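Colleague: Sharing a structure below in structure tokens format, with a few things to ask.
There are 2 protein chains.
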Amino acid sequence: MVQKKNLTLKDIAKELGVSTATVSLAINNSSLVAEKTRLLVLSKIKEVGYVYNRRAASLITGKSGMVGLAVHDFTNPYFTEVCASAEKTLAQEGRMSLLCNSHESLPLQERFINALIEHNSDGLLLCPVVGTEVEQLQPLLTRGLPTVLVTRDVDGANMDFVGNDERFSFHLATRHLINLGHKRIAFIGGALDAKAARDRRSGYVDALKLNGLPVDERLLFDCDNHSEAAEKILPEVLSIESPPTAIVGFSDLIALGVLSALIALGLEPGKDIAVVGCDNIAESSRHYSQLTTVNVQKSQIGQMAASFLFQRLQNPHMPPQRKIFESELIVRRSCGAYRVS
Amino acid sequence: MVQKKNLTLKDIAKELGVSTATVSLAINNSSLVAEKTRLLVLSKIKEVGYVYNRRAASLITGKSGMVGLAVHDFTNPYFTEVCASAEKTLAQEGRMSLLCNSHESLPLQERFINALIEHNSDGLLLCPVVGTEVEQLQPLLTRGLPTVLVTRDVDGANMDFVGNDERFSFHLATRHLINLGHKRIAFIGGALDAKAARDRRSGYVDALKLNGLPVDERLLFDCDNHSEAAEKILPEVLSIESPPTAIVGFSDLIALGVLSALIALGLEPGKDIAVVGCDNIAESSRHYSQLTTVNVQKSQIGQMAASFLFQRLQNPHMPPQRKIFESELIVRRSCGAYRVS
DNA sequence: ATAATTTTTTAAAACGATTTAAAAGCCTGC
DNA sequence: GCAGGCTTTTAAATCGTTTTAAAAAATTAT
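Chains A and B, in that order, are what the protein sequence lines are. Residue numbering for the first sequence follows full-length UniProt numbering, starting at 1 and increasing by one per position. Residue numbering for the second sequence follows full-length UniProt numbering, starting at 1 and increasing by one per position.
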């Protein structure tokens, strides 16, 4: 096992009897270098097994080819898909994705952002943790870390943003239940500190008001955004005075937890009580869950976020772009519409 | 908006009237620098908002603090969890995770590995794509990219490995069905080119043979590792001559697809036909699915993989380590054991 | 041939840190 | 006041590229 030292541009240059400048230019497909020289260089590189050192290069160019990808919970299928799609788009353009699962922790997010800067990242796709304020974000831009906000916007940030029309989605979901005749509709889940969560609840409230239904605070239940939490809280939801006949879940995870809990109690979703979710993750379409939900463009969001970043890297001073994807109701059994119609 | 140039060590040094060496040593908490000098340096750094440039440093040290994390499908909940846990462990040690979703594509995997080297990654946590041979892996080590194989081993690679006892798991699952009286047990799913998949099927075959049951090739069905594929193939499974009374799924994704398809056909899992999966992903524990499955240590695997890598970085020449996590059967309704017992 | 162009190549200065051997300071105790 | 032994600090080389202005070579025009 020979411990041969790393080959460098200089070695290639020496072997070929040219300058390092020539080799460098050849590698970068510069038009300054003669075609036959380039071929010579490239074949020599292959021959001796040289590998380019991007760090050395980026020290000069200032660009690293790396992009941060931070979400608060990528085991959440919604984010898994968004991330998968973003990663794919980034990879197609030859960029690497630096992953961060921020666990809704502001310190973790800050450490990650700082690390991104230390590593000379070119940009960041960020779904900010709850509690992120403009002040923490503004430095990103001045620091030279172009950022696209994903799913969760930050008031006053004025950054590129791509996300869902949360308000509309929940208007849609709630209205659907109202149209089915429900008058007492509970809303479960959602950390309200995030803008997206507030919007979701607003959509729910809008629908109630528009249809002349009262907004009863006792029908609002908060819980962490995963199924187990929803499952746990459900008995409480059902045990209030004049309990809801329908439930809107903050997300499919919540709604599926509700379904699960209902079944455990011997209740039949869609018959005894109506349930609607949001996100349309894979699990909701199974024949055993058949969750009525709102479909959102998960992979499109990831792709568009990456694409916005590319554009910003091209043109740092363009005005911030925004893209809000439309959502649509997907009616399955859990809302009982199949029975009614 | 003043476009102030990047602050460097040199600027800090100049401001403080010391040398860059002192500043560098202070930043790195070297004992060579006097305590009060270090404090001076650190406070100045905070004051002027200097950020460390890791790329410049790594050019000399050779270490980047970045680790690759490559799986073939991280939307698969099993891998999502493994990755989440690996990322967390890596982050705790101050390392960044470079993500790659290889989509079972050898070229993508190769490009990623090459990029890792170009970027001076310190190591790699790899679940190799189907078809990965020793030849493609060996360069990693000589190239200075210490690698831990995760979940899927590669014959002859002789690398650090952490994964499941696949064979045992499927022995467990199959034996359980046999004990419940089943004689015709189908096996669905699994790309057989991966070692882990072969092991799974071996476990199934072992159990049959050990219990004097014939291995019927017609009970083996291949399909992609996701629920939709399983759902699609199920009717075919049920329509063979003397159809199976039980099904072992290659994974929970497969088994859940089977459950879904059964329900669509009006059949009751656990009563009309028994189903067992493997992985114990969240979805299988819901009250509406209640999938009997084999639990595997997803987050432990991610964590241990990271930990193996740390050890190897510490001590590059230690003999390869292996860790196979034990699995255990989790009996729920889908296998019908509740009815029988 | 020579001059005028155009095409290629190159030298050398970056980029922003680390590292090491040697120099400089600072204490001892005699 | 100084030899000897600490503790701190520093100068300078280094890592592996890019980049630019200028030199060299090749081509074309005269």
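Backbone N, C-alpha and C define an ideal beta-carbon position, used for all residues, glycine too. It should be emphasised that the depicted structure is a prediction, and the values quoted were computed from it without experimental measurement.
1) So PHE325 (chain A) packs on GLN303 (chain A), CB below 8 Å; how close in whole Å?
2) Any idea which residues DSSP pairs CYS100 (chain B) with across the strands?
3) Excluding the 5 residues preceding and the 5 following LEU108 (chain A) in the sequence, name in chain order all residues of the same chain whose CB lies nearer than 7 Å to its CB.
4) Within the 8 Å Cβ cut-off, does LEU236 (chain A) reach chain B?
5) Check this for me: beta carbons of ASP165 (chain B) and LYS195 (chain B), under 8 Å apart or not?
6) How about ASN120 (chain B) and ARG55 (chain A): do their beta carbons lie closer than 8 Å?
7) Given this structure, state the Cα-to-Cα distance separating LEU124 (chain B) from ARG175 (chain A), to the nearest angstrom.
8) Once DSSP output is grouped into helix, strand and coil, what is the label at PRO146 (chain A)?
9) For PRO128 (chain B) versus ARG152 (chain B), is the C-beta distance shorter than 8 Å?
10) In this structure, how does DSSP classify ALA274 (chain A) when only helix, strand and coil are distinguished?
11) Using a cut-off of 7 Å between C-beta atoms, extract the partners of ASN101 (chain A) located in chain B.
12) Can you tell me the Cα-Cα spacing of VAL18 (chain A) and LYS323 (chain A), whole angstroms?
13) Between the UniProt domain "HTH lacI-type" (7 to 61) of chain A and chain B, which residues of the former have CB atoms less than 8 Å from a CB of the latter, in chain order?
14) With a cut-off of 8 Å, does the C-beta of GLU268 (chain B) fall near any C-beta of chain A?
15) What number of angstroms, rounded off, separates the C-alpha of ASN76 (chain A) from the C-alpha of ASN315 (chain A)?
16) With DSSP as the reference, identify every bridge partner of ARG322 (chain B), one or two as the case may be.
17) Using a Cβ cut-off of 7 Å, pull out every chain A residue sitting near residue 349 (chain B), in sequence order please.
18) Give me the Cβ distance between SER97 (chain A) and LEU267 (chain B), rounded to the nearest whole Å; I'm assuming they're in contact under 8 Å.
19) How would you write the range of the beta strand (DSSP E) that residue 345 (chain B) sits in, first residue to last?
20) For TYR288 (chain A), go through chain B and note every residue whose CB falls closer than 7 Å to its CB, in chain order.
21) Do we get a CB-CB distance below 8 Å when we pair ILE185 (chain A) with the residues of chain B?
22) With respect to the alpha helix (DSSP H) encompassing GLY302 (chain B), which residues constitute its N-terminal and C-terminal limits?
23) Closest Cβ-Cβ distance between HIS119 (chain A) and chain B: below 8 Å?
24) How many Å lie between LEU265 (chain B) and LYS271 (chain B) at the Cα?
25) Helix, strand or coil for GLU241 (chain A) per DSSP?
26) Can you list, in chain order, the residues of its chain with a C-beta nearer than 8 Å to that of VAL48 (chain B)? Leave out the 5 residues immediately preceding and following it.
27) Starting from the beta carbon of GLU93 (chain B), find every residue of chain A whose beta carbon is closer than 8 Å, and list them in chain order.
28) So the alpha helix (DSSP H) GLY257 (chain A) belongs to, where does it begin and stop?
29) DSSP beta-bridge partners for PHE221 (chain B)?
30) Look at the alpha carbon of ASN158 (chain B) and the alpha carbon of GLN136 (chain B), and state the distance between them as a whole number of angstroms.
31) Step through the CB atoms of chain B and report whether any lies within less than 8 Å of the CB of ALA282 (chain A).
32) Taking DSSP as the reference, what is the three-state secondary structure of LEU106 (chain B)?
33) Our contact map puts GLY212 (chain B) next to ALA230 (chain B) with C-beta atoms below 8 Å; I'd like the distance itself, whole angstroms only.
34) By the three-class DSSP mapping on this structure, what secondary structure does VAL248 (chain B) have?
35) If distances are taken between C-alpha atoms only, which option among A:ARG184, A:ASP193, A:HIS226 comes closest to VAL215 (chain A)?
36) Is it right to say ALA21 (chain A) is buried, meaning 16 or more other beta carbons lie within 10 angstroms of its own, or is it exposed?
Modeller: Based on what the coordinates show:
1) Between GLN303 (chain A) and PHE325 (chain A) the Cβ distance is about 11 Å, and since that is not below 8 Å, they are no contact.
2) B:ALA70
3) SER102
4) Note that residue 236 (chain A) is Glu in the sequence shown here, rather than Leu. Judged by the 8 Å Cβ criterion, GLU236 (chain A) is not in contact with chain B.
5) no
6) yes
7) 49 Å
8) coil
9) yes
10) strand
11) ALA84, GLU87, LYS88
12) 50 Å
13) VAL51, TYR52, ASN53, ARG54, ARG55, ALA56, SER58, LEU59
14) no
15) 33 Å
16) B:PHE161
17) Nothing can be reported for residue 349 (chain B): it is not among the residues displayed for chain B, which extend from 1 to 341.
18) Wrong, their Cβ atoms sit about 42 Å apart, outside the cutoff.
19) The structure shown does not extend to residue 345 (chain B), since chain B spans only 1 to 341, so no value can be given for it.
20) LEU259, SER260, ILE263, TYR288, SER289
21) no
22) 298 to 314
23) yes
24) 14 Å
25) coil
26) LEU7, ASP11, ILE12, GLU15
27) Those within 8 Å of GLU93 (chain B) in chain A number zero; the least Cβ separation is about 12 Å.
28) 252 to 264
29) B:ILE188
30) 13 Å
31) yes
32) helix
33) Incorrect: roughly 29 Å between the Cβ atoms, too far for contact.
34) strand
35) A:ARG184
36) exposed
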